[in-house]
Amino acid sequence: MNDLFEKQNITVLAIESSCDETACAIVKDGRQVLSSVIATQIEIHRRFGGVVPEIASRNHTLAIESVVKEAMSRAAVSKDDVDAIAVTYGAGLLGALLVGVNFAKGLAYAWGKPLFGISHIKGHIAANYIDSALEPPYLCLLASGGHTAVVKVEDYERLTLLAESRDDAAGEAFDKVARVLGLPYPGGPEIEKLAREGKPVFDIPKVKNTGEPYFSYSGVKTFVINLVHKLEQKGEVIPKADIAASFQQAAVDQLVDMTQLLSKRTGVKKLAVAGGVSANSLLRSRFDDMKKCGCEVFYPQLRYCTDNAAMIGAAAYFLIKSGADESPLSLDAKATVGIQ
Ligand code: KG4
Ligand code: ZN
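Those letters in the sequence shown? Residues 828 to 1167, per the numbering used here, in order.
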């Protein structure tokens, strides 16, 4: 049991550094963001076509102190106003995570505040609580660069995995297909933009229906790679916009179909979406369509879909309120974590 469990108002300083964003946010009572600062490294990694872990860690080290100061200044809080320090401890790039974890440990020790290690996955899901009245139970489709899953959020701390990807994550497939089409990193927003100029004329095969709930993106990705290679060999112009539209439709269909199936199987009609791919407007409009069947649908605000620290602060509040123990100062970073 932590000491803040019964406290009325809780202000969390949260840090996120799992990939290529150095972020800090000040979050009150899990749903109100007082400030959210994100120093993105996208431009740095773009020339390599993806995130280079060592470069990411070095840039986190350079950015973290000023990002934390900026978040405190924008929220107009001092260390005395902060009740707890939260930090993403996994999943992510180990070297990148270590920068945030060690900085958070230093703050917790120096300021005498409790430390809470937060799972990045739970953070993405908790982005749905910000400025929202969403409460469990509900089903959450998590679709990011590292994960694709449907999770039953039974209560704030009890999560059950209902389906996950057997190979690539949805965001990863967006990034890989974008690369094949010569689009810059990160591919998701680029594919979405290009798809608006095209039509989904290519019939991309669906995953085999085995009755088992799972996602798979390797087939979709390979189909696009082979299609582009064949057209190149024939010396034909690559219809990039049509390929982007076809891929996006296939990728989104899979996410929507599986969520719909699991909603029917479980009888849970309250749905939420999380992770970078939840910024996709086709995905959102397809989820909106589910409202016609009596589903309630929740999305994070666009700025909280991709990596940020506000979602970590939100998740930390509900962890604190569950009565969980604070994390020891020996908290370690982990490249992979389970859904819990
Ligand atoms: O959640 P996130 O920021 O990082 C991870 O935890 O992985 O997700 C990043 C992923 C990238 O693969 C990116 O291409 C994808 O989310 N993404 C999108 C969109 N915006 C970001 N995918 C499709 N459509 C988008 N609008
Ligand atoms: Zn993420």
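Beta carbons are placed, not taken as given, at the ideal position from N, Cα and C, and that holds for glycine.
Could you tell me if the beta carbon of residue i falls within a distance shorter than 8 Å of some heavy atom in the ligand ZN?
| i | result |
| --- | --- |
| H872 | no |
| S1105 | no |
| G1165 | no |
| S1073 | no |
| H947 | yes |
| H887 | no |
| S971 | yes |
| C846 | yes |
| H951 | yes |
| G927 | no |
| G1140 | no |
| G876 | no |
| G1150 | no |
Is residue i near the ligand KG4, in the sense that its beta carbon is under 8 Å from a heavy atom of that ligand?
| i | result |
| --- | --- |
| L966 | no |
| T1133 | yes |
| P1011 | no |
| A976 | no |
| I1018 | yes |
Please classify residue i: does DSSP put it in a helix, a strand, or coil?
| i | result |
| --- | --- |
| E870 | helix |
| Q859 | strand |
| A1068 | helix |
| L1098 | strand |
| K817 | Residue 817 lies beyond the stretch modelled for the chain, which goes from 828 to 1167, so this question has no answer here. |
| D982 | strand |
| L988 | strand |
| S905 | coil |
| A1136 | coil |
| G944 | strand |
| L1010 | coil |
| Y965 | strand |
| I957 | coil |
| C1120 | helix |
Report buried or exposed for residue i, applying the criterion of at least 16 other Cβ atoms within 10 angstroms of its Cβ.
| i | result |
| --- | --- |
| G998 | buried |
| I1070 | buried |
| P964 | exposed |
| I1159 | Before going on, a small fix: residue 1159 reads as Asp here, not Ile. The residue in question, D1159, is exposed, as its Cβ has fewer than 16 Cβ neighbours within 10 Å. |
Between the options, which lies nearest to residue i when the distance is taken from Cα to Cα?
| i | options | result |
| --- | --- | --- |
| Q1076 | P963, D958, I1065 and I1031 | I1031 |
| Y1131 | A1142, G877 and L989 | A1142 |
| G1025 | L986, A1068, L989 and E991 | A1068 |
| Y916 | F1050, F930, D908 and V904 | F930 |
| E897 | K1148, Q1087, N1036 and C851 | C851 |
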